[in-house]
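Residue 110 in full-length UniProt numbering sits at position 110 of the sequence shown; the count goes up by one each step and never skips.
Just so it is clear, CB atoms sit at the ideal spot from N, CA and C, and this is done for glycine as well.
No experiment lies behind these values; they were computed from the predicted model shown.
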Amino acid sequence: MTTTPAARRSAAEQQRLEAAFTEMFEQQIVFNRVLGLKVESLAPGDVRLSFTMRPELIGHFLHQRLHGGAISATLDATGALALMVAIAERHPADDAQQVLQRFARMGTIDLRTDFLRPGLAPRYVAQAEVTRLGGRVGSTQMRLVDDSGQLIATGAGSYIVS
1 MTTTPAARRS
11 AAEQQRLEAA
21 FTEMFEQQIV
31 FNRVLGLKVE
41 SLAPGDVRLS
51 FTMRPELIGH
61 FLHQRLHGGA
71 ISATLDATGA
81 LALMVAIAER
91 HPADDAQQVL
101 QRFARMGTID
111 LRTDFLRPGL
121 APRYVAQAEV
131 TRLGGRVGST
141 QMRLVDDSGQ
151 LIATGAGSYI
161 VS
């Protein structure tokens, strides 16, 4: 018995979806815009967001360290984006609009951040991996590194996905 492969969205539709994800995370989610988050990668298994240090993100004014809230919020956003990419992969025949409708009720349930080193660099990159994607809840592991590749923080998140 042979099975037919699942229908895939066209390359043009995939581009529309990726453009919509980028627009949502860089512009429509206002707090992400305040953080200055930029989409680096939307590849399944390699979802990355980046940002540059600015005075508005300093938490310790004497040492010019990155604020812990900026770190946690970035990890949270990266975990959510990784789940969105995974859900889009789970529904390969859906067009961009159908995929976007799946996120109407998405939200963070739990977030843990482990601060490992102070953030003193001019640029940071966050990466997330989906560890479980169920019908109602998804889980992720996240990492934040500075521009030299030094690990600044790790995180784990759980999200309602339905």
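About 4 Å separates the CB atoms of Glu40 and Arg48; that is less than 8 Å, so the two are in contact. In the DSSP annotation of this structure, Arg16 is not part of any beta strand (DSSP E); the continuous alpha helix (DSSP H) holding it starts and ends at Ala11 to Glu23. Sorting Ala82, Leu144, Ile109 and Val34 by C-alpha distance to the C-alpha of Pro44 places Ala82 at the top. Excluding the 5 residues flanking it on each side, Gln150 has same chain C-beta neighbours closer than 7 Å at Arg117, in chain order. One alpha carbon belongs to Ser50, the other to Ala12, and they sit about 25 Å apart.
The beta-carbon separation of Ser162 and Arg132, rounded to 14 Å, does not stay under the 8 Å limit for a contact. In this structure, Arg123 is the residue among Ser158, His60, Gly134 and Arg123 with its C-alpha nearest to the C-alpha of Asp147. In the same chain as Glu26, and ignoring 5 residues on each side of it, the C-beta atoms closer than 8 Å to its own belong to Asn32, Arg33, Leu37, Lys38 and Val39, in chain order. Around Thr22, the same chain offers Val39 as residues with beta carbons nearer than 6 Å, after the five sequence neighbours per side are excluded. Listed in chain order, the non-local C-beta contacts of Arg143 below 6 Å within the same chain comprise Gln127 and Thr154, local neighbours out to five positions each way being set aside. Residue burial annotation: Ile152 is buried, with at least 16 other C-beta atoms found within 10 angstroms of its C-beta. When secondary structure is reduced to three states using DSSP, Gln150 falls in the coil class, being assigned neither helix nor strand. With respect to the 7 Å criterion, Gly107 and Ile71 are not classified as neighbours on the basis of their beta carbons. When the beta-carbon positions are compared, Thr140 and Val130 come within less than 7 Å of each other.
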